[in-house]
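Below is one structure, written out as structure tokens, with a few remarks after it.
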Amino acid sequence: MKTKNPMASWCLLALSTLEFLLAACAEGPLPKTTSLVQKWVGPLVNAPGGGQFRTVIYFGPWQCSQQLMNYCRGKCAGDGYALQGCMWLADVKMDFQGTLVRAGSRFGMTHCCCNYATLNPAQTEAARSRWNNIRTDFREQWAGRFGAWPTDTNGRLYEGHHVRDLWHGGNPTDWENILPFPKAIHQELFGLYNQCYANNPPWSSVGPDYPYGK
609 MKTKNPMASW
619 CLLALSTLEF
629 LLAACAEGPL
639 PKTTSLVQKW
649 VGPLVNAPGG
659 GQFRTVIYFG
669 PWQCSQQLMN
679 YCRGKCAGDG
689 YALQGCMWLA
699 DVKMDFQGTL
709 VRAGSRFGMT
719 HCCCNYATLN
729 PAQTEAARSR
739 WNNIRTDFRE
749 QWAGRFGAWP
759 TDTNGRLYEG
769 HHVRDLWHGG
779 NPTDWENILP
789 FPKAIHQELF
799 GLYNQCYANN
809 PPWSSVGPDY
819 PYGK
């Protein structure tokens with residue numbers, strides 16, 4: 609039986625249906641960040657039923673906490689694979705403020721480096737072409753949910769990162785498999801993914817519960 613990240617799935621479903629019961633998917637209090645952490649602060653978005661919400665993304669990657677490592681171990685085993693490493697890619701924080709209620713949540717976007725088979729170059733390129741064909745429309749739909757597709761200080765669009773990479777069979781058009789990422793960090797992820805799939809440190813060991821300070 610396949611296992612999905614319950615935090616990510618539930619929170620994205622809540623946003624897509626505008627049911628802002630965000631406290632239900634909280635993983636814990638969001639730690640105070642340091643100046644070294646790169647983050648994107650989204651605009652306030654009006655909810656049709658009243659109130660507003662804002663999305664903030666903190667970008668890693670970091671070592672997985674024990675909770676996320678356990679999740680990845682179960683996910684890989686549930687899909688018939690072995691866990692080779694775990695990478696905490698980003699933290700997503702969502703806050704909602706209405707007339708009578710305020711709610712907040714945070715959840716980790718995690719890449720589980722299971723021992724997936726790899727695609728050949730032609731298959732990988734075909735998957736990339738599928739993403740390129742829907743990339744502009746996807747960004748527009750993402751902006752419709754979260755207020756804007758992230759940009760850097762120079763106004764350049766963030767790149768779309770596939771959490772499960774295309775070379776290892778990641779779905780190129782699945783909402784739950786795509787996350788905006790700053791270009792400078794995104795370009796480093798390929799090498800880090802190779803380390804993770806090779807069961808190399810630090811991705812093979814557990815990190816702190818809050819990787820960027822309390």
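Residue numbering for the sequence shown follows this note's numbering, starting at 609 and increasing by one per position.
Cβ atoms here follow ideal geometry from the backbone N, Cα and C, with glycine treated the same way.
No experiment lies behind these values; they were computed from the predicted model shown.
Checklist entry - Using DSSP with H/G/I as helix, E/B as strand and the rest coil, what is D703? => result For D703, the secondary structure class from DSSP, reduced to helix, strand or coil, is strand.
Item to check | Runs of beta strand (DSSP E) lying entirely within the stretch 674-752, each at least 3 residues, in chain order | outcome: For the stretch 674-752, whole beta strand (DSSP E) runs of length 3 or above, ordered along the chain, are 691-705, 710-722.
Next on the checklist: Considering only their Cβ atoms, is the gap separating C721 from G693 smaller than 8 angstroms?
Outcome noted: Yes.
Checklist entry - Helix, strand or coil: how does DSSP classify N785 here? => result N785: helix per DSSP, three-state reduction.
Checklist entry - What does a CB cutoff of less than 6 angstroms around G778 pick up in its chain, not counting 5 residues either side in sequence? => result Result list for G778: H770, R772, N785, in chain order.
Next on the checklist: Check for me: the beta strand (DSSP E) holding H770 runs from which residue to which?
Outcome noted: Here the beta strand (DSSP E) through H770 covers 767-770.
Checklist entry - Assuming T663 and M717 make a contact with CB atoms under 8 angstroms, what is their CB distance in whole Å? => result The Cβ separation is near 12 angstroms, so there is no contact.
Item to check | Sheet register partners of K647 (DSSP bridge) | outcome: Y666.
Item to check | Extent of the continuous alpha helix (DSSP H) run through N802 | outcome: Where N802 is concerned, the enclosing alpha helix (DSSP H) stretches over 791-805.
Next on the checklist: I'd like the list of long-range same chain contacts for Q674, defined as Cβ closer than 6 angstroms, with 5 residues on each side in sequence excluded.
Outcome noted: Taking Q674 as the centre and dropping the five residues before and after it, the same chain places the C-beta of V814 closer than 6 angstroms to its C-beta, in chain order.
Item to check | Under 8 angstroms between C-beta atoms of G668 and A698 | outcome: It is a contact, given that the beta carbons lie within the stated cut-off.
Next on the checklist: Three or more C-beta pairs under 8 angstroms: does that hold for the stretch 675-694 against the stretch 802-819?
Outcome noted: Put simply, the stretch 675-694 touches the stretch 802-819. At least three CB pairs are less than 8 angstroms apart.
Checklist entry - With a CB to CB cut of under 8 angstroms and the five nearest residues on each side skipped, what residues in its chain are close to G768? => result W739, R743, F746, R747, I786, L787, P788, F789.
Checklist entry - Using a Cβ-Cβ cut-off of 7 angstroms (strictly less than) and excluding sequence neighbours within five positions of T726, which residues of its own chain qualify? => result Taken in chain order, the residues that qualify are W775, H776.
Checklist entry - If A685 and N723 are in contact, beta carbons under 8 angstroms, what's the gap, nearest whole angstrom? => result Their Cβ separation, rounded to whole angstroms, is 11 angstroms, which puts A685 and N723 out of contact at 8 angstroms.
Next on the checklist: Using DSSP's beta-bridge definition, name the partner residues of F661.
Outcome noted: Beta-bridge pairing by DSSP links F661 to V653, F704.
Next on the checklist: If you reduce the DSSP assignment to three classes, tell me which class L629 lands in.
Outcome noted: With a pLDDT of 31 at L629, under the threshold of 50, the modelled position of this residue cannot be trusted; read the value that follows with caution. Shown here, L629 sits in coil according to DSSP, grouped into three states, outside any helix or strand.
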